[in-house]
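Just below is one structure, and these are the notes that go with it.
2 protein chains.
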Amino acid sequence: MQQFKLTKEYLENIKLLLASQKTDLLIAALDELYPADIAEVIDELDTDEAKGLISILSTEEGAEVLRELDEDTRIQFLQSFSPKEIADNFIDNLDTDDAADILAELPEDKKNDIIHLLKDKEQASDIKELMAYDEDTAGGLMAKELIKVNINWNVLTCIREMKKQAEEVSHVYSVYVVDDEGKLKGILSLKKLLLVTTSTKVEEIYNDDVISVRAKMAAEEVGGIMKKYDLVVLPVLNDDGKLIGRITIDDVVDVIREEADKDYQLMSGISENIDSSDSLPLILRARLPWLLIALFGGIIGSQIISIYEPQIMVHPEMAFFMPLIAAMGGNVGVQSSALIVQGLANNTLQMSGIVWKLGKELLVGLLNGLACSGVLLGYNLIFNDSLALSFTVSIALLSVIIFAAIFGTFVPLVLEKYKIDPALATGPFITTSNDIIGLFIYFMIGRLMYGIF
Amino acid sequence: MQQFKLTKEYLENIKLLLASQKTDLLIAALDELYPADIAEVIDELDTDEAKGLISILSTEEGAEVLRELDEDTRIQFLQSFSPKEIADNFIDNLDTDDAADILAELPEDKKNDIIHLLKDKEQASDIKELMAYDEDTAGGLMAKELIKVNINWNVLTCIREMKKQAEEVSHVYSVYVVDDEGKLKGILSLKKLLLVTTSTKVEEIYNDDVISVRAKMAAEEVGGIMKKYDLVVLPVLNDDGKLIGRITIDDVVDVIREEADKDYQLMSGISENIDSSDSLPLILRARLPWLLIALFGGIIGSQIISIYEPQIMVHPEMAFFMPLIAAMGGNVGVQSSALIVQGLANNTLQMSGIVWKLGKELLVGLLNGLACSGVLLGYNLIFNDSLALSFTVSIALLSVIIFAAIFGTFVPLVLEKYKIDPALATGPFITTSNDIIGLFIYFMIGRLMYGIF
Numbered sequence: 100m101q102q103f104k105l106t107k108e109y110l111e112n113i114k115l116l117l118a119s120q121k122t123d124l125l126i127a128a129l130d131e132l133y134p135a136d137i138a139e140v141i142d143e144l145d146t147d148e149a150k151g152l153i154s155i156l157s158t159e160e161g162a163e164v165l166r167e168l169d170e171d172t173r174i175q176f177l178q179s180f181s182p183k184e185i186a187d188n189f190i191d192n193l194d195t196d197d198a199a200d201i202l203a204e205l206p207e208d209k210k211n212d213i214i215h216l217l218k219d220k221e222q223a224s225d226i227k228e229l230m231a232y233d234e235d236t237a238g239g240l241m242a243k244e245l246i247k248v249n250i251n252w253n254v255l256t257c258i259r260e261m262k263k264q265a266e267e268v269s270h271v272y273s274v275y276v277v278d279d280e281g282k283l284k285g286i287l288s289l290k291k292l293l294l295v296t297t298s299t300k301v302e303e304i305y306n307d308d309v310i311s312v313r314a315k316m317a318a319e320e321v322g323g324i325m326k327k328y329d330l331v332v333l334p335v336l337n338d339d340g341k342l343i344g345r346i347t348i349d350d351v352v353d354v355i356r357e358e359a360d361k362d363y364q365l366m367s368g369i370s371e372n373i374d375s376s377d378s379l380p381l382i383l384r385a386r387l388p389w390l391l392i393a394l395f396g397g398i399i400g401s402q403i404i405s406i407y408e409p410q411i412m413v414h415p416e417m418a419f420f421m422p423l424i425a426a427m428g429g430n431v432g433v434q435s436s437a438l439i440v441q442g443l444a445n446n447t448l449q450m451s452g453i454v455w456k457l458g459k460e461l462l463v464g465l466l467n468g469l470a471c472s473g474v475l476l477g478y479n480l481i482f483n484d485s486l487a488l489s490f491t492v493s494i495a496l497l498s499v500i501i502f503a504a505i506f507g508t509f510v511p512l513v514l515e516k517y518k519i520d521p522a523l524a525t526g527p528f529i530t531t532s533n534d535i536i537g538l539f540i541y542f543m544i545g546r547l548m549y550g551i552f
Numbered sequence: 100m101q102q103f104k105l106t107k108e109y110l111e112n113i114k115l116l117l118a119s120q121k122t123d124l125l126i127a128a129l130d131e132l133y134p135a136d137i138a139e140v141i142d143e144l145d146t147d148e149a150k151g152l153i154s155i156l157s158t159e160e161g162a163e164v165l166r167e168l169d170e171d172t173r174i175q176f177l178q179s180f181s182p183k184e185i186a187d188n189f190i191d192n193l194d195t196d197d198a199a200d201i202l203a204e205l206p207e208d209k210k211n212d213i214i215h216l217l218k219d220k221e222q223a224s225d226i227k228e229l230m231a232y233d234e235d236t237a238g239g240l241m242a243k244e245l246i247k248v249n250i251n252w253n254v255l256t257c258i259r260e261m262k263k264q265a266e267e268v269s270h271v272y273s274v275y276v277v278d279d280e281g282k283l284k285g286i287l288s289l290k291k292l293l294l295v296t297t298s299t300k301v302e303e304i305y306n307d308d309v310i311s312v313r314a315k316m317a318a319e320e321v322g323g324i325m326k327k328y329d330l331v332v333l334p335v336l337n338d339d340g341k342l343i344g345r346i347t348i349d350d351v352v353d354v355i356r357e358e359a360d361k362d363y364q365l366m367s368g369i370s371e372n373i374d375s376s377d378s379l380p381l382i383l384r385a386r387l388p389w390l391l392i393a394l395f396g397g398i399i400g401s402q403i404i405s406i407y408e409p410q411i412m413v414h415p416e417m418a419f420f421m422p423l424i425a426a427m428g429g430n431v432g433v434q435s436s437a438l439i440v441q442g443l444a445n446n447t448l449q450m451s452g453i454v455w456k457l458g459k460e461l462l463v464g465l466l467n468g469l470a471c472s473g474v475l476l477g478y479n480l481i482f483n484d485s486l487a488l489s490f491t492v493s494i495a496l497l498s499v500i501i502f503a504a505i506f507g508t509f510v511p512l513v514l515e516k517y518k519i520d521p522a523l524a525t526g527p528f529i530t531t532s533n534d535i536i537g538l539f540i541y542f543m544i545g546r547l548m549y550g551i552f
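Residue numbers (our numbering), protein chains in the order written: chain A, 100 to 552; chain B, 100 to 552.
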């Protein structure tokens, strides 16, 4: 395929065609695009233009495009439609999971109106059921559309019933086998179905080895299971073991990516899921609090240094290396926490105990610290006259690096233990704490060294 | 399902059973586990134990387990087998894509021996074909196993041929429609196949709207396409448009996650894909270079400060706020770069130009800078006597924050332009540069202010 790339020229052209109402040319222009591409175009249009564009699509395609829109754009866009229009044009054409997600973004009363106005009462009750689940659980990720067959049927009945159900389901990923009570018994592969005669019983050919999850399982854990076991689709059961829905990998890809993005943003000192196109107040709200925390840490740091003002007046050269000590502590601390946070996120940390990890990190800190403080000692002995300063700086650097390595390992593990997001440890918090403690160590050692030399 | 969690007790138990050769009990213990779970167990065993455990599994299951092992464990493990054993017991039972990936980890001569020893000559040539592709391209991700039907067949022929092909293919995701030359024409949904009579022609029911990629496309781009268009499987074409393989989403989930991990590690100052269980030399190699860069930056910083030694001797209080200025510059710089890096990774940055982005970041910097320097000015006016110091610190902070915001935005965009990984900008590099320039700005402003007040 030629991958679609939205250019300024393309967008201008679409806007012109919309303004001049050249519907034929518009249809031709959009014909080659997939819903996800059209959504990219609409994300850049104003609401009137967007309405114009959607109106020339089939309702099925319009619904798909709506699903792919940026959340902000979608909320804006849907404000210009009545509940009846939203129900008929969009929700009616969506799978239950997407419908529930989109409805959840709307105001309470509008949401209820739309659900009441849905023609397909089964879809309405399915959507209501899905909306009752927390969005960060398996129930919140699943869709109701699936194909299931009874364990007592033969292949002929099976295929007949599957044909009926298939009309409602857009993709057939798996055929589930249930008993008379609706409890999940296993899975029937389409491949097997191709290979046997029509009189064969389902019981004889189904596979009872199927991985499933309960509706209450956390989305993050669902993502871990689908990734670990390479699953494309995962059946969801209620507390009684009844099959109530299925989760597809595309929804979970988003969960996996969002999780990684969240950790990344926390490390960079950004507290909400923003991107650079978001509004100014939103960007400030996500960034300023972290800066104020760092500022507060810096003020405490300045007070610690001020305690040692007499020392600085006698040995102003001590001031030269303060930023170096602070920065190195911060860098080592972030390295150590990042390894732990990533290990926790990827589930690669389980086996070895906390003492072992701290011990290893201590060793890494010691070796890195020796290397760095060795280089620094060499530099200072060559270019600086003061023996006291040279030893102060290198011993302090070694101490700060070792401290930061252990502190950086310890903090995320403790946060995880108390069910706080360990990624918090990697942000400005750890650099700021390391700055303060690092400076304190530096001046303590300075006092000691200048006493000796 | 009960999700499997590997505990120390469980592992000890397995080791005991292995040592006492209680095969029956071992088989019973492993019966409930999936290959990915057994791989987790083996990752914690030594090579002899691992061989013992694998030997009680069927060869199909053993091959699956091998595929799921940690790369380091797998390389170690395979060293204890002859090429013939590896060919018969493992490679023969794997899909071509997994076989090619595993063989790529082995030494050149052993790899070639194994391929020659494969009984299935078609598999051998498929594997050789796959190994010719760069692992970071669509060709490197794809497998040869797929089901294809000729556009001129009818449904009956189709199903007969599919039955034959299905024996070779473990999961049937899609049925591809090709012409007599093997060029991809479209896709045949299993659902459609269920709904029509056996005399219907493929031509009448296939869907010609299928997204495909060329074998040379970068893995990252393949991931973007599968994510954007919610694809579970993606056909791969050669330069002539012939269907040569397919990529499934499970392989791409790993690509998506690894990419995010790489950006995360670069930001935290870790240059290789390591986790805390890796060997000490590997961890040091990934972490020490960044620390040495930061150290080098710190030394330059110390030299800049030393230029201002006379100033510090007269006004030692200026030293108090050096770490604060440096840290704030670093924090703002990382925030700004992280937003750009993430925007580039998620493809949400295309539309607006570089000037616009720098302008917006300038505004964000100005507002954050005014807030932070305002708070700091208030603090200093209340708790510090020196007007000169108070204004120096706040004006310097404002300047440094604005500078860091612009610098942090600019650097990753420039790196991206010159095809260097923009995530490099978020690591110690940006904090170190900001430290140096921040200190320089600070003392310049200090000289000015102490001249005025």
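A virtual CB, placed ideally from N, CA and C, is assigned to each residue, including glycine.
Of the listed residues the options, nearest to residue i (C-alpha basis)
i       : options                               : result
C257(B) : L293(B), Q222(B) and L229(B)          : L293(B)
K315(B) : L391(B), G238(B) and T299(B)          : G238(B)
L240(B) : K516(B), I392(B), L438(B) and D194(B) : D194(B)
L342(A) : I399(A), G281(A), I398(A) and L394(A) : G281(A)
A359(B) : T296(B), D171(B), L390(B) and A522(B) : A522(B)
D307(A) : R313(A), D329(A) and D278(A)          : D278(A)
E184(B) : D208(B), D169(B) and D212(B)          : D212(B)
P388(B) : Q402(B), S375(B), S370(B) and E228(B) : S370(B)
D534(B) : E408(B), S181(B), I494(B) and F395(B) : F395(B)
Neighbour-count burial assignment, residue i, 16 or more Cβ in a 10 Å radius
i       : result
P380(A) : exposed
M412(A) : exposed
L514(A) : buried
A231(A) : exposed
S311(B) : buried
K291(A) : buried
D339(B) : exposed
Cα-Cα separation between residue i and residue j, rounded to whole angstroms
i       : j       : result
E167(B) : V248(A) : 32 angstroms
L116(B) : V274(A) : 38 angstroms
Q434(B) : N192(B) : 48 angstroms
A317(B) : D235(B) : 6 angstroms
I544(B) : L465(B) : 18 angstroms
L165(B) : I190(B) : 10 angstroms
F419(B) : L538(A) : 11 angstroms
Q120(B) : L205(B) : 30 angstroms
K107(B) : K300(A) : 43 angstroms
A135(A) : I382(B) : 41 angstroms
K518(B) : N372(B) : 21 angstroms
S375(B) : E319(A) : 22 angstroms
L125(B) : I153(B) : 11 angstroms
Alpha helix (DSSP H) segment containing residue i, residue limits
i       : result
T91(A)  : Examination of residue 91(A) is not possible in this model, given that chain A is present from 100 through 552 alone.
L330(B) : Counting along the chain, L330(B) falls outside any alpha helix (DSSP H), and DSSP gives it neither H nor E.
Y275(A) : Note, Y275(A): premise wrong, no alpha helix (DSSP H); beta strand (DSSP E) at V274 to V277.
G458(A) : I453 to F482
Within-7 angstroms CB hit, residue i to chain D
i       : result
Q264(B) : The displayed structure is made up of protein chains A and B, and chain D is not among them.
Anticipated Cβ contact below 8 angstroms, residue i with residue j, distance rounded
i       : j       : result
M366(A) : G526(A) : 6 angstroms
L423(A) : I398(B) : 7 angstroms
G428(B) : A503(B) : 4 angstroms
N- and C-terminal bounds of the beta strand (DSSP E) containing residue i
i       : result
N249(B) : I246 to N249
I286(A) : L283 to L287
Y549(A) : Premise fails: Y549(A) lies in the alpha helix (DSSP H), P527 to I551, not in any beta strand (DSSP E).
L514(B) : No beta strand (DSSP E) holds L514(B); the alpha helix (DSSP H) holding it covers L486 to K516.
V254(A) : It is not in any beta strand (DSSP E) - V254(A) instead sits in the alpha helix (DSSP H) that spans V254 to A265.
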